[in-house]
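Residue numbers (my numbering): 52 to 290.
Comments concern the structure below.
Quick look at the structure:
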């Protein structure tokens with residue numbers, strides 16, 4: 052555990068919390084729907100990064116203040132403590148912040164917006180390329196890019212075979228997750244992929260057992276993909 056780096060990561064996570072809350076507010080809408088910019092009750096234009104209730108009608112319009120800050124601080128603090136002060140930490144931390152927003156949106160409206168997933172490809176590739184140059188490890192960068200492509204292709208194949216069980220948002224998310232996992236190593240790619248489906252299945256079984264779901268209930272896979280990825284990164288950060 053790198054304590055100093057963990058503290059810095061936690062502080063950075065607290066600072067990104069308002070951005071995550073605003074992104075969740077704007078993008079937690081059905082597909083092909085404009086971004087949410089106003090209170091659904093009174094129509095006042097809002098800035099949910101600084102408040103979770105409408106100042107006019109006091110309707111709750113965003114996640115409570117502190118929720119996204121705590122989630123982001125926990126994610127960044129643990130990742131920073133595990134990885135330490137290495138160049139790839141910037142790429143891992145950037146993706147962690149993005150994934151907190153994506154997982155939250157997926158839980159709320161069962162979608163992973165292109166607005167967040169697609170820009171992740173060039174941004175993450177650039178950050179990992181910079182880390183590879185600083186570390187003099189071009190092989191890791193090539194493996195990361197290949198792993199991202201392979202994982203996205205694998206998810207696309209599953210989506211084509213079982214279109215009702217897997218969405219294109221999951222396919223697009225698989226690429227960036229595969230890149231950071233590929234940086235660590237191929238075993239991490241395989242383990243995280245398997246873990247995401249196992250966790251989703253276990254949660255489904257629990258919901259069935261407590262009668263909170265039935266056989267037709269769909270679960271968003273995105274949060275399980277994110278959780279499995281960062282569990283693996285915490286376990287094997289430096290391979």
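Note that CB positions come from ideal geometry on N, CA and C, so glycine has one too.
Can you tell me the Cβ-Cβ gap for residue i and residue j, rounded? I've got them flagged as a contact below 8 angstroms.
i, j, result
"residue 273", "residue 163", "5 angstroms"
"residue 229", "residue 203", "6 angstroms"
"residue 142", "residue 130", "Rounded, the Cβ-Cβ distance is 11 angstroms, inconsistent with contact."
"residue 111", "residue 103", "6 angstroms"
"residue 79", "residue 160", "5 angstroms"
"residue 182", "residue 139", "4 angstroms"
"residue 53", "residue 128", "Not confirmed; about 11 angstroms, so no contact."
"residue 168", "residue 233", "Wrong, their Cβ atoms sit about 17 angstroms apart, outside the cutoff."
My output table needs one value for residue i: the three-state DSSP class, helix, strand or coil.
i, result
"residue 113", "coil"
"residue 266", "coil"
"residue 77", "helix"
"residue 50", "Limits of the chain in this structure are 52 at one end and 290 at the other, which puts residue 50 out of reach."
Between the options, which has its C-alpha nearest residue i's C-alpha?
i, options, result
"residue 10", "77, 82, 241", "Shown here, the chain extends from 52 to 290; a query on residue 10 therefore has no answer."
"residue 178", "220, 158, 160, 137", "137"
"residue 15", "205, 223, 244, 70", "Summary: the structure shown does not reach residue 15, with the chain confined to residues 52 through 290, and so no result is reported for it."
"residue 58", "161, 182, 185, 124", "124"
"residue 146", "66, 231, 79", "231"
"residue 254", "270, 175, 239, 242", "270"
"residue 97", "189, 201, 73", "73"
"residue 267", "114, 53, 216", "216"
"residue 283", "264, 236, 263, 265", "236"
"residue 62", "192, 263, 126", "126"
"residue 201", "170, 240, 167, 169", "240"
"residue 56", "115, 70, 134", "134"
"residue 82", "90, 192, 166", "166"
"residue 71", "85, 170, 113", "113"
"residue 175", "205, 158, 193", "193"
"residue 244", "213, 262, 264, 280", "280"
"residue 155", "276, 286, 285, 105", "276"
"residue 238", "286, 206, 263", "286"
"residue 94", "158, 185, 105", "105"
Let me see if you follow: with CB-CB separation under 8 angstroms, is residue i close to chain D or not?
i, result
"residue 203", "Given the protein chain composition of this structure (a single chain), no chain D is represented."
For the ligand MN, is there any heavy atom lying closer than 7 angstroms to the beta carbon of residue i?
i, result
"residue 55", "This structure lacks the ligand MN, and indeed carries no ligand of any kind."
Please give the ranges of any alpha helix (DSSP H) in the region 165-249, keeping only runs that are unbroken, at least 4 residues long and fully inside the region.
For the region 165-249, whole alpha helix (DSSP H) runs of length 4 or above, ordered along the chain, are 165-168, 171-186, 189-212, 219-235.
Taking only runs of the alpha helix (DSSP H) that begin and end inside the region 118-143, which ones reach a length of at least 4 residues, in chain order?
The region 118-143 contains, as complete alpha helix (DSSP H) runs of 4+ residues, the segments 118-134 (chain order).
Does the region 144-158 touch the region 118-134, meaning 3 or more C-beta pairs lie closer than 8 angstroms?
yes
Any contact of the region 258-268 with the region 218-233, i.e. 3+ C-beta pairs under 8 angstroms?
no
With three or more C-beta pairs closer than 8 angstroms as the rule, is the region 194-201 touching the region 244-254?
No, they do not touch.
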